[in-house]
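Chemist: Dumping the structure here so I can ask a few things about it.
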Amino acid sequence: MDHGPAVQLGKDNAADKKAKLGVWMFILYSAFYVVFVGIAVGSDTMMSEIVFAGQNLAVVYGFSLIVFAIILGIIYNAICTGYENKMNKEEEL
Amino acid sequence: MIYEASPFAVVLFVFFVMFVLGLSFYFARKTKSAQNYFAAGGAIHWGVNGIAFAGDYLSAASFLGICGMIAVAGYDGFLYSIGYLAGWIVALFLVAEPMKRLGKFTFTDALDSKFNSKAIQLTAAISTLIVSIFYLIPQMVGAGALVTPLLGLPHWVGVVIVGAIVIFIVATAGMTSTTYVQFIKGGLLLIFSVILSIYIFNNGLSLTPDNETGKYHEFINLTPVIENDLITVEGYNVVGIRDVKGHKFVKLEKDGINRWFNLVEIDDVAQLKEMLSISVLPDGMKLYNGEDKENRKFFQVGHMSKIIVDGKEVTETGPLGPFEFLETIANSEIIRFAKVQFEDAGNEVTLWYQKPTEGSAMMSPGLKFHIGEDATPWSKWNFISLMLALFLGTASLPHILIRYYTVPSAKDARKSTIIAIAAIGGFYILTMFMGLGAAVNGVLDVESSNMAGPLLAKAFGVGLFSIISAIAFATILGTVSGLIVASSGAIAHDLIDNYMGKNLIDEKKVKAGKLAAVAVGIVAIGLGISFKGMNVSFLVGWAFAVVASANLPAILMLLFWKKTTAKGIAWSIVSGIVSSLSIILTSPTMWERYGLDGADAPHMLDNPAIISFTLALIVLVVVSLATQKDNEKLEAAKA
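Going line by line, the protein sequences match chains A and B.
With my numbering, letter number 27 in the first sequence gets 176, and the count goes up by one each step, no holes.
With my numbering, letter number 72 in the second sequence gets 156, and the count goes up by one each step, no holes.
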């Protein structure tokens with residue numbers, strides 16, 4: 150069998166914690182996305198309401214979904230890096 | 085449309101192609117092992133990989149397709165941007181690091197890492213090939229569409245040029261050269277999209293969007309006299325009247341030239357509004373607005389009919405900030421162009437009539453997807469299904485997943501995904517401004533919305549147009565290269581080496597990969613020529629549905645459900661492919677492509693993911709539960 154990583158990877162003691170965090174963040178973003186699709190399908194008039202700086206809900210929510218993804222990504226990376234620094238360093242000691 | 089080649093565009097294009105070929109030639113000398121060829125040696129820096137992700141992902145469908153769709157359907161086009169970007173969340177939180185840890189060269193490696201199953205190797209490789217081909221067709225069609233305005237060459241020449249360059253890039257240095265082509269293209273696309281947006285804001289909005297390419301065509305308004313249903317127009321002969329889909333179209337003759345007008349009533353006064361028309365005569369000759377193509381009477385369109393600022397009507401705004409730009413459009417009125425086709429005295433006639441659209445409608449969902457007052461249960465399910473496919477598709481695209489094997493560690497895989505999300509997210513926000521900019525600056529080609537972005541650049545100068553077009557061309561090169569590397573890996577590594585058990589030595593595996601790349605490249609050229617005229621974003625949306633159904637249930641359950649078995653994965657992939665393709669091939673859209681009435685299709689679902697993804701997931705669970713003994717045997721063998 151010719152599988153396995155293309156490069157040699159060390160053991161990652163933080164893998165389980167990162168996976169759990171990933172699942173929770175995925176659920177959080179998915180909920181935000183589902184609500185957006187729900188509003189679009191259920192109430193198009195709500196999407197046309199002006200909500201911020203002269204922009205309607207569709208524009209504000211749409212841009213927020215993109216910006217929120219970037220912010221969540223940065224937070225996720227910071228927490229994961231913290232886990233890695235702590236748990237993989239403990240192993241080395 | 086009638087396009088002319090620009091010498092600057094030609095020089096820039098040739099320079100870019102030479103640079104890319106030189107880069108590939110340089111890296112070719114370093115590409116000797118399979119690890120180098122398929123995974124760039126696993127040594128790419130996460131920052132470079134992140135931008136290369138953007139270069140790989142922002143395909144013709146994103147730059148050409150989404151901008152064009154926003155230009156003609158407003159916010160509904162932007163929904164694609166939202167869905168495509170949201171898909172990266174699945175990639176980051178659930179898939180990135182585990183895929184890096186489990187796989188070697190292809191996503192099949194990751195799926196098969198626990199099992200060494202021939203069924204997984206075969207089905208996953210076939211899935212990779214099907215999805216890659218679905219994705220390749222629109223890219224190649226887009227290449228042909230771009231070369232026409234850029235170099236003044238026929239469509240097929242564009243397809244052959246892209247095919248030949250990509251075959252060279254992939255067959256020489258594989259993933260290494262592909263990565264750097266994608267990195268350069270991704271970076272350039274981001275920088276020049278920002279520049280194009282700044283031009284749009286500085287330009288502001290105007291009722292007469294004259295630009296660098298010339299004066300905007302002022303559409304003629306005539307006042308007819310109607311007595312006892314008899315229409316007369318001063319200075320014109322009325323030579324035909326047609327009622328089509330509730331609209332009345334009048335053919336007028338003047339100086340031996342026939343032109344079509346739309347009869348409308350504004351404030352109880354009848355008016356004839358000029359239309360765009362293409363008439364195909366029985367001998368095949370085409371008349372554009374009643375004249376030969378060379379007479380250049382077929383105009384670019386898209387303008388505002390009312391601009392409201394602070395409650396007052398104005399003729400132009402001057403420079404605007406990004407939010408002011410969106411707010412002003414939402415408060416104003418835009419003229420879009422709707423298409424109708426019919427036969428008239430043996431001629432095939434296509435007309436585009438002016439359709440005043442409130443800016444608020446342009447800035448809300450509903451112009452393309454029928455989810456508002458005109459919604460039906462089917463149209464709502466279609467929309468939900470599309471948004472589901474976009475959300476779930478990204479994280480299982482084979483040409484995206486293989487990029488995880490090019491970085492040194494799982495941490496780098498994660499970081500490069502975040503760079504990708506930031507770069508791609510930034511670009512998708514700009515699509516809103518570029519698309520709307522194209523809608524109101526008189527640059528739209530009614531025959532093909534795909535050229536909205538590049539033609540908008542042309543409005544601000546031939547130099548910018550040439551650069552944007554060269555980048556759009558690079559966009560296609562980058563994505564096609566990634567797809568061909570993925571296909572090449574599926575053939576050489578998954579099928580020949582693993583499934584057929586050839587156990588090739590490194591050198592032979594690279595050779596097989598290169599030959600596979602050439603073969604897939606030739607197939608892509610053939611498909612690109614055959615599918616000329618197809619909407620660029622058409623197949624990509626379906627590719628997302630197929631890939632979300634075929635691959636994602638398998639990936640997610642392998643990672644998060646310990647009872648998943650090899651047979652469960654293989655059957656899930658098969659059921660995902662078969663169900664999604666079956667729904668697509670019997671959809672109303674395909675029914676119309678077969679020349680039948682879409683309303684007679686067996687079902688009304690155009691986007692299959694909601695059914696096919698769910699089905700693939702259920703099949704995986706049921707088959708896995710029924711084949712638990714396989715996993716017990718596997719555990720026993722390991723022990």
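Here a beta-carbon is modelled for each residue, glycine too, at the ideal position from N, C-alpha and C.
Please list the partners that B:Lys499 has in chain A, where partner means a Cβ-to-Cβ separation under 8 angstroms.
Modeler: Indexing the second sequence from 1 puts residue 499 of chain B at position 415. Here the neighbours are Asn226.
Chemist: Between B:Gly330 and B:Asn346, what straight-line distance do the alpha-carbon atoms span, to the nearest angstrom?
Modeler: Locating residue 330 of chain B in the second sequence gives position 246, where the first residue counts as 1. Locating residue 346 of chain B in the second sequence gives position 262, where the first residue counts as 1. In a straight line, the C-alpha of B:Gly330 is about 11 angstroms away from that of B:Asn346.
Chemist: With a threshold of 6 angstroms on Cβ separation, who are the neighbours of B:Ser363 within its own chain once the five nearest residues in sequence on each side are excluded?
Modeler: To locate residue 363 of chain B, count along the second sequence from 1; it is residue 279. Excluding residues within five positions, the ones whose Cβ falls inside 6 angstroms are Leu371, Asn431, Val433.
Chemist: Is there a Cβ of chain A sitting closer than 8 angstroms to that of B:Pro222, yes or no?
Modeler: On the second sequence, residue 222 of chain B is found 138 positions in, with the first residue counted as 1. Answer no: the Cβ-Cβ gap between B:Pro222 and chain A never drops below 8 angstroms.
Chemist: Name the chain B residues whose beta carbon is nearer than 7 angstroms to that of A:Asp193?
Modeler: Working through the first sequence from its first residue, we reach residue 193 of chain A at position 44. Chain B residues near A:Asp193: Ser448, Pro449, Gly450, Ile455, Gly456.
Chemist: Taking all protein chains shown into account, do 16 or more other C-beta atoms lie within 10 angstroms of the C-beta of B:Ala700, making it buried, or fewer, making it exposed?
Modeler: Locating residue 700 of chain B in the second sequence gives position 616, counting from the first residue. Result: buried.
Chemist: Note down the Cα distance separating B:Tyr489 from B:Ala576, rounded to an integer number of angstroms.
Modeler: The residue you call residue 489 of chain B lines up with position 405 of the second sequence. The residue you call residue 576 of chain B lines up with position 492 of the second sequence. Between B:Tyr489 and B:Ala576, the C-alpha separation is close to 17 angstroms.
Chemist: What residue range does the alpha helix (DSSP H) around B:Asp140 cover?
Modeler: The residue given as residue 140 of chain B occupies position 56 in the second sequence. Where B:Asp140 is concerned, the enclosing alpha helix (DSSP H) stretches over 130–141.
Chemist: Runs of 3 residues minimum, wholly inside the segment 338–407 of chain B: which ones carry the beta strand (DSSP E) assignment?
Modeler: Here the runs fully enclosed are 341–350, 353–358, 360–364, 370–372, 387–393, 396–398.
Chemist: So with CB distances below 7 angstroms, who are the chain B contacts of A:Lys167?
Modeler: Against the first sequence, residue 167 of chain A aligns to sequence position 18. Neighbours of A:Lys167 on chain B, chain order: Glu181.
Chemist: Would you mind working out which of B:Leu567, B:Lys616, B:Val624 sits nearest B:Leu601, comparing C-alpha positions?
Modeler: For the purposes of this step, residue 601 of chain B is identified with residue 517 of the second sequence, where counting begins at 1. Reading off the sequence, residue 601 of chain B comes out as Ala, not Leu. Of the candidates B:Leu567, B:Lys616, B:Val624, the one whose C-alpha sits nearest the C-alpha of B:Ala601 is B:Leu567.
Chemist: Taking Cβ-Cβ distances below 8 angstroms as the criterion, which residues of the segment 200–223 of chain A are in contact with chain B?
Modeler: From the segment 200–223 of chain A, only Ala202, Gly203, Gln204, Asn205, Ala207, Val208, Gly211, Phe212, Leu214, Ile215, Val216, Ala218, Ile219, Leu221, Gly222, Ile223 have a Cβ closer than 8 angstroms to chain B.
Chemist: Between the C-alpha atoms of A:Met150 and B:Val658, what's the straight-line distance to the nearest angstrom?
Modeler: In the first sequence, counting from the first residue as 1, residue 150 of chain A sits at position 1. In the second sequence, counting from the first residue as 1, residue 658 of chain B sits at position 574. With a pLDDT of 44 at A:Met150, under the threshold of 50, the modelled position of this residue cannot be trusted; read the value that follows with caution. A:Met150 and B:Val658: Cα-Cα distance of roughly 23 angstroms.
Chemist: Cβ closer than 7 angstroms: which chain A residues qualify as neighbours of B:Leu169?
Modeler: Counting from 1 along the second sequence, the entry for residue 169 of chain B is found at position 85. Neighbours of B:Leu169 on chain A, chain order: Ile215, Ala218.
Chemist: Give a yes or no on whether the C-beta atoms belonging to B:Ala80 and B:Phe267 are separated by under 8 angstroms.
Modeler: The structure shown does not extend to residue 80 of chain B, since chain B spans only 85 to 723, so no value can be given for it.
Chemist: Compute the Euclidean distance between the alpha carbons of B:Ser90 and B:Glu400, then round it to the nearest angstrom.
Modeler: Your numbering for residue 90 of chain B matches position 6 in the second sequence. Your numbering for residue 400 of chain B matches position 316 in the second sequence. When rounded, the distance between both Cα atoms is 30 angstroms.
Chemist: If we ignore side chains and look at the alpha-carbon of each, how far apart do A:Ala189 and A:Met196 end up?
Modeler: Here residue 189 of chain A corresponds to residue number 40 of the first sequence, with the count starting at 1. Here residue 196 of chain A corresponds to residue number 47 of the first sequence, with the count starting at 1. Taking the straight line joining both Cα atoms gives about 7 angstroms.
Chemist: List the residues of chain A whose Cβ lies closer than 9 angstroms to the Cβ of B:Leu178, in chain order.
Modeler: For the purposes of this step, residue 178 of chain B is taken as residue 94 along the second sequence, with counting starting at 1. Ordered by position in chain A, the residues that pass the 9 angstroms Cβ test against B:Leu178 are Ala168, Gly171, Val172, Phe175.
Chemist: Count the other C-beta atoms from every protein chain shown that fall within 10 angstroms of the C-beta of B:Leu709, then say buried if there are 16 or more, exposed otherwise.
Modeler: Locating residue 709 of chain B in the second sequence gives position 625, where the first residue counts as 1. The residue in question, B:Leu709, is exposed, as its Cβ has fewer than 16 Cβ neighbours within 10 Å.
Chemist: Under 7 angstroms Cβ to Cβ from B:Ile251, same chain only, skipping five residues before and after it: list those, please.
Modeler: For the purposes of this step, residue 251 of chain B is taken as the residue at position 167 of the second sequence. Ala601, Val602, Gly605.
Chemist: If I follow the unbroken alpha helix (DSSP H) through B:Ala556, where does it start and stop?
Modeler: Here residue 556 of chain B refers to the residue found at position 472 of the second sequence. Looking at the DSSP string, the run of the alpha helix (DSSP H) that includes B:Ala556 is 546–573.
Chemist: Determine the extent of the alpha helix (DSSP H) in which B:Phe426 is found, giving its start and end residues.
Modeler: Residue numbering aside, residue 426 of chain B sits at position 342 when the second sequence is read from its first letter. It is not in any alpha helix (DSSP H) - B:Phe426 instead sits in the beta strand (DSSP E) that spans 417–428.
Chemist: With DSSP as the reference, label B:Asp681 as helix, strand or coil.
Modeler: If you number the second sequence from 1, residue 681 of chain B lands on position 597. In the structure shown, B:Asp681 sits in coil (DSSP, three-state: anything other than H, G, I, E or B).
Chemist: Does any residue of chain A have a CB that is nearer than 8 angstroms to the CB of B:Ile173?
Modeler: The sequence position of residue 173 of chain B within the second sequence is 89, counting from 1. With 8 angstroms as the cut-off, B:Ile173 counts as an interface residue toward chain A.
Chemist: Which stretch, first to last residue, makes up the alpha helix (DSSP H) that contains A:Gly187?
Modeler: If you number the first sequence from 1, residue 187 of chain A lands on position 38. Here the alpha helix (DSSP H) through A:Gly187 covers 164–191.
Chemist: What does a CB cutoff of less than 7 angstroms around B:Trp240 pick up in its chain, not counting 5 residues either side in sequence?
Modeler: The sequence position of residue 240 of chain B within the second sequence is 156, counting from 1. Correct list, in chain order: Gly228, Ile613.
Chemist: Nearest CA to the CA of B:Val95: which residue from B:Phe549, B:Ile484, B:Glu719, B:Val398?
Modeler: Locating residue 95 of chain B in the second sequence gives position 11, where the first residue counts as 1. Comparing Cα positions, the closest option is B:Phe549.
Chemist: Measure the alpha-carbon distance for B:Gly298 versus B:Gly597 and round it to whole angstroms.
Modeler: Taking the second sequence and counting its residues from 1, one reaches residue 298 of chain B at position 214. Taking the second sequence and counting its residues from 1, one reaches residue 597 of chain B at position 513. Each residue's Cα considered, the two are about 50 angstroms apart.
Chemist: Would you list the residues sitting across from B:Gly652 in a DSSP beta bridge?
Modeler: For the purposes of this step, residue 652 of chain B is taken as the residue at position 568 of the second sequence. According to DSSP, B:Gly652 bridges with nothing at all.
Chemist: Counting C-beta neighbours from all protein chains within 10 Å, is the total for A:Leu242 16 or more, i.e. buried, or is it exposed?
Modeler: In the first sequence, residue 242 of chain A corresponds to position 93, counting from 1. Because A:Leu242 sits at a pLDDT of 46, beneath the cut-off of 50, its placement in the model cannot be relied upon, and the point is left open.
Chemist: Under 8 angstroms between the Cβ atoms of B:Ala145 and B:Val624?
Modeler: In the second sequence, the residue the question calls residue 145 of chain B occupies position 61. In the second sequence, the residue the question calls residue 624 of chain B occupies position 540. In this structure, B:Val624 lies closer than 8 angstroms to B:Ala145 by Cβ.
Chemist: How big is the Cα-Cα spacing for B:Lys586 and B:Gln205?
Modeler: By one-based count along the second sequence, residue 586 of chain B stands at place 502. By one-based count along the second sequence, residue 205 of chain B stands at place 121. Approximately 13 angstroms, taken between the alpha carbons.
Chemist: Using DSSP bridges, identify the partner residues of B:Thr316.
Modeler: Position 232 of the second sequence holds residue 316 of chain B. In the DSSP output, where bridge partners are listed per residue, B:Thr316 has B:Val309.
Chemist: Go ahead and label B:Ile64 buried or exposed: buried means 16 or more other beta carbons lie within 10 angstroms of its beta carbon, across all protein chains shown.
Modeler: What is shown of chain B runs 85 to 723, which leaves residue 64 of chain B out entirely.
Chemist: How about B:Leu280 and B:Val564: are their beta carbons less than 8 angstroms apart?
Modeler: Reading the second sequence from its first residue, position 196 is the one you call residue 280 of chain B. Reading the second sequence from its first residue, position 480 is the one you call residue 564 of chain B. No. Outside cutoff.
Chemist: Here's a check: name, in chain order, each residue in its chain whose Cβ is nearer than 6 angstroms to the Cβ of B:Ser664, leaving out the five neighbours to either side.
Modeler: By one-based count along the second sequence, residue 664 of chain B stands at place 580. Result list for B:Ser664: Ala629, Val630, Ser633, Pro692, Ser696, in chain order.
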